[in-house]
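Each residue of the sequence shown is one higher than the one before, counting from 7 in the working numbering. Where is the CB? At the ideal position from N, CA and C, for every residue including glycine. Quick caveat: nothing in here was measured; it's all calculated off a predicted structure. Take a look at the structure below.
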Amino acid sequence: MSDLVIFQGMGHVFLEVFQALAPLLLFFFFFQIFYLKQSKEFVIRVVKGVVLTFFGLTLFLHGVHIGFLPAGREMGEIMGAYEHRWILIPIGFVLGFVATMAEPAVRVLSSQVQEASTGYIQEKIMIYTLSFGVAVFVALGMAKIIYGIPLYYLVVPGYLLAMVLLKFSNATFTSIAFDAGGVATGPMTVTFIMAMAIGVATVMENRDPVIDGFGLIALVALAPILSVITLGVFLGHREKEEA
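Right under this line is the structure:
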């Protein structure tokens, strides 16, 4: 009976993934018929990829609902009850780092950046830069919840700093930085880190889960922008010294 409970609600996820992927597949066939005219083997590979993606997304999103979200919330409630709550800050740093390292979209972006830059920006450097940046801002997010720091005290100066750094950053990194902000807020980070933050805010006195628990993803979106732009400033400065 318990095995059947695990699969409850999977049909709804199945339908949502189908609705998301079906238009993409239709667009592909439209362009294949009228413009691309790729070989039969290529089309078969694309269809196989879509099928694997369909089942992979279905299993992943269903796992998020029955696993990641409840686990993150339970962990947050347990840690929020600690007497020494400052320990949430280093814990948030570690979890932010490993969650970003495991984020599929981050690895795809880093691979694309390395390919587009012909190796100038290495994939590993991008992954570690994004992971470290997100880790720092998740730690700040935990400090925000613990000490009741208003969200705009962190977000507004962060974006102002990003605008200033753009003046000194290598132009190559500008577009990458703002794309990375969206990439880092993927399913791994949103489902686990946000659920944990809400769990922490739920059990703490004088904290509202809506006001204090949410907002962490805004910081996560800002983190890659600042970290990648900073990387651009560093590499640009190094190039000037070598020139």
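Where do the N-terminal and C-terminal ends of the alpha helix (DSSP H) with residue i fall, by residue?
i	result
residue 54	46-69
residue 210	Careful: residue 210 lies outside any alpha helix (DSSP H) and carries neither H nor E.
residue 146	129-153
residue 124	Here residue 124 belongs to no alpha helix (DSSP H), and DSSP marks it neither H nor E.
residue 20	16-37
residue 96	94-107
residue 159	158-172
residue 177	Run containing residue 177: none; DSSP gives neither H nor E here.
residue 239	222-248
Assign residue i to one of two classes, buried (16 or more other C-beta atoms within 10 Å of its C-beta) or exposed (fewer than that).
i	result
residue 132	buried
residue 137	buried
residue 150	buried
Roughly how many whole angstroms lie between the Cα atoms of residue i and residue j?
i	j	result
residue 241	residue 41	41 Å
residue 68	residue 16	6 Å
residue 119	residue 51	24 Å
residue 24	residue 18	10 Å
residue 175	residue 237	8 Å
residue 139	residue 108	14 Å
residue 7	residue 65	Legend: pLDDT at residue 7 = 42, less than 50; position of this residue unreliable, value from coordinates given subsequently. Distance between the alpha carbons of residue 7 and residue 65 is about 20 Å.
residue 222	residue 46	46 Å
residue 99	residue 232	16 Å
residue 189	residue 102	14 Å
residue 170	residue 96	28 Å
Three or more C-beta pairs below 8 Å linking the segment 196-214 and the segment 138-157: A contact is defined here as three or more CB-CB pairs under 8 Å, and the segment 196-214 meets this definition with respect to the segment 138-157.
Inter-stretch contact at 8 Å, needing at least 3 Cβ pairs: the segment 83-102 / the segment 179-189: no
Three-pair Cβ contact test at 8 Å for the segment 77-86 versus the segment 202-219: Segments in contact, yes.
Inter-stretch contact at 8 Å, needing at least 3 Cβ pairs: the segment 162-170 / the segment 204-216: no
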